[in-house]
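Peer 1: Residue numbers (mature numbering (1 follows the signal peptide of the UniProt record, and there is no 0)): -25 to -1, 1 to 159.
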Amino acid sequence: MKRVMYTLLTLCIGIVIGTTSTTMAAPLKQYVQASFEKITFIVNGEEKELDADPLVYQGSTYLPVRTVLNVLGYDVGYKADTKTVTADKSIDLLSEEIEDMVRSEEPSLDKSVDNSEQIKYLNEYLDKKREQLKNYEQAIKSINERSDISQEDKNFLIELRTPLIEGTKKAIIDTEEKINNLQN
């Protein structure tokens, strides 16, 4: 009789522990009531078309990440194993950067302004160029780390940035020389 009691007690404890751990392991799901709504999406004053409707929940509008980033000119990737969304500048954005670099003017010196003001202006320009160079170099590092594009595409993206880096390095050297000339 005692043996039957111990067996029943052990069985009951096992059932309680088993169902508790199963219940605790189950993910909690929350159901919400939301609606899809058509909205106007404007970027820099220009209306953009979204290929998926945004979700509205409790007064907040949730936009589809891939759609929004594509509209803004980014290439979007998703790594399912890590549940990570990646957004990288597209070729079009890189082309715009190159055009901006070509259009950017080298600072001209005004002979009517004293040297200390010119040096201050040139140092500000130099700081911007150093930051720009750092950003370009970080972009190349980021391109090399991407696993969602081929090596050929990586090389192409890096080749696009190489003139930017070389031009920025030259601008830094030229500006440093101008500052040295003004200080002497």
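Yeah, the Cβ is synthetic: ideal placement off N, Cα and C, and Gly gets one too.
These numbers were taken from a predicted model, which means no experiment stands behind them.
Are Val31 and Ala9 close, meaning C-beta to C-beta below 8 Å?
Peer 2: The answer is yes: Cβ separation under 8 Å.
Peer 1: Which two residues bound the contiguous beta strand (DSSP E) that contains Asp123?
Peer 2: No beta strand (DSSP E) holds Asp123; DSSP gives it neither H nor E.
Peer 1: Considering only C-alpha positions, which residue in the set Leu157, Ala27, Ser125 and Leu44 is nearest to Asp89?
Peer 2: Minimum Cα distance to Asp89 is reached at Leu157.
Peer 1: Which value, in whole angstroms, describes the spacing of the CA atoms of Ser117 and Thr(-16)?
Peer 2: When rounded, the distance between both Cα atoms is 58 Å.
Peer 1: Could you have a look at Thr15 and say whether DSSP puts it in helix, strand or coil?
Peer 2: Coil, per DSSP.
Peer 1: Cutting at 8 Å between CB atoms, please list the residues of its own chain near Phe11, excluding the five before and the five after it.
Peer 2: Contacts found: Asp28, Pro29, Leu30 and Val31.
Peer 1: Express the C-alpha separation of Lys144 and Asn155 in angstroms, rounding to a whole number.
Peer 2: Rounded to the nearest angstrom, the two C-alpha atoms are 17 Å apart.
Peer 1: Measure the beta-carbon distance from Leu25 to Val46 and round it to whole angstroms, keeping in mind my assumption that it falls under 8 Å.
Peer 2: With a Cβ gap of about 7 Å, Leu25 and Val46 count as contacting.
Peer 1: For Ser122, which of Asp63, Gln33 and Lys4 has the nearest alpha-carbon?
Peer 2: When only C-alpha atoms are compared, the closest one is Asp63.
Peer 1: By the three-class DSSP mapping on this structure, what secondary structure does Val31 have?
Peer 2: Strand at Val31.
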